[in-house]
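*Asks:* I'd like to ask some things about the structure below.
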Amino acid sequence: PKDSSSAKKHEYWVSKLENLPIGPLSYGIAYNPHLRKVQKGPIKGFILSKMRNFMDNRSSNLRKKAAENAGTLAESVLLTKAATHDQQYHLFSSEAEYKRMLKELNDTLNEIEVELNSHSDKKWLIGEMFTAADCILAVSLNRLHWIGHEDYVINEERPQITRYWKELQSRESFMESTTFPSLALYML
Numbered sequence: 010p011k012d013s014s015s016a017k018k019h020e021y022w023v024s025k026l027e028n029l030p031i032g033p034l035s036y037g038i039a040y041n042p043h044l045r046k047v048q049k050g051p052i053k054g055f056i057l058s059k060m061r062n063f064m065d066n067r068s069s070n071l072r073k074k075a076a077e078n079a080g081t082l083a084e085s086v087l088l089t090k091a092a093t094h095d096q097q098y099h100l101f102s103s104e105a106e107y108k109r110m111l112k113e114l115n116d117t118l119n120e121i122e123v124e125l126n127s128h129s130d131k132k133w134l135i136g137e138m139f140t141a142a143d144c145i146l147a148v149s150l151n152r153l154h155w156i157g158h159e160d161y162v163i164n165e166e167r168p169q170i171t172r173y174w175k176e177l178q179s180r181e182s183f184m185e186s187t188t189f190p191s192l193a194l195y196m197l
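For the sequence shown, this note's numbering begins at 10 and goes up steadily by one.
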């Protein structure tokens with residue numbers, strides 16, 4: 010956005026949306042499938058166990074790769090990733106943390122609903138222009154829908170987000186960037 014008020018709003022939303030714990034919510038569903046209202050594929054059954062297995066073994070796999078790349082820049086990058094995973098593992102595996110992240114998500118979506126309602130005559134988060142903030146929100150909403158948390162996206166308490174979601178789904182760039190020929194194969 011070019012005007013300063015919209016630019017500040019855009020900066021705020023980009024920062025807020027980039028900090029949503031979408032990754033931990035995505036993989037945390039493997040440890041907490043009972044916390045989603047919509048039990049759906051492809052994230053069910055053996056996919057959940059593959060996701061848990063991946064997260065349970067990620068740190069040791071990264072460390073093995075680091076050892077294979079000893080003395081290179083890749084070694085330090087892989088060790089850093091392993092250490093970060095170790096620090097964040099509780100976000101994926103703890104039910105209490107998962108519930109906390111869902112509350113954070115819920116609060117942010119409520120705030121987005123208020124923002125969209127403040128200019129309900131406009132299509133997107135900041136107004137008429139589709140911005141980077143909308144890109145981040147689109148990917149986040151799509152992921153929530155994909156992992157079985159679409160009740161956070163489409164519900165009676167959030168008519169503006171529901172409208173926004175429907176508008177997104179008719180956007181050609183959104184359809185092209187979020188369609189997978191075989192979602193189950195992609196998950197594996």
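Backbone N, C-alpha and C define an ideal beta-carbon position, used for all residues, glycine too. Being a predicted model, the structure only gives us computed values, none of them experimental.
1) If contacts are defined as beta-carbon pairs under 8 Å, then Ile170 and Glu122 qualify, I think. What distance do you get, rounded to the angstrom?
2) Could you pull out every residue in the same chain whose Cβ sits closer than 7 Å to the Cβ of Lys74, ignoring the five residues on either side in sequence?
3) With H, G and I counted as helix, E and B as strand and the rest as coil, what does DSSP make of Phe55?
4) Since Tyr107 and Gly37 should fall inside the 8 Å C-beta cutoff, what is the C-beta to C-beta distance between them, to a whole number of angstroms?
5) Flag this pair as yes or no: are the beta carbons of Ser149 and Ile52 separated by less than 8 Å?
6) Should the stretch 42 to 49 be called in touch with the stretch 157 to 166, which here means at least 3 C-beta pairs below 8 Å?
7) Starting from Asn119, follow the alpha helix (DSSP H) in both directions and report where the run begins and ends.
8) Rank Glu84, Asp12, Ile145 by C-alpha distance to the C-alpha of Leu118 and give the top, closest one.
9) Tell me whether the beta-carbon of Thr187 lies closer than 8 Å to the beta-carbon of Asn151.
10) Please report the distance separating the alpha-carbon of Glu176 from that of Lys17.
11) Measuring CB to CB, does Pro33 end up less than 8 Å from Leu114?
12) Is it right to say Ala105 is buried, meaning 16 or more other beta carbons lie within 10 angstroms of its own, or is it exposed?
13) If you reduce the DSSP assignment to three classes, tell me which class Phe139 lands in.
*Replies:* According to the data block:
1) That belief holds up - the Cβ atoms of Ile170 and Glu122 are roughly 5 Å apart, short of 8 Å.
2) Leu87
3) helix
4) 5 Å
5) Taking C-beta atoms as the reference points, Ser149 and Ile52 fail to come closer than 8 Å.
6) yes
7) 104 to 127
8) Ile145
9) yes
10) So the two alpha carbons sit approximately 24 Å from each other.
11) no
12) By the 10 Å Cβ count, Ala105 comes out exposed.
13) Per DSSP, reduced to three states, the secondary structure at Phe139 is coil, with no helix or strand assignment.
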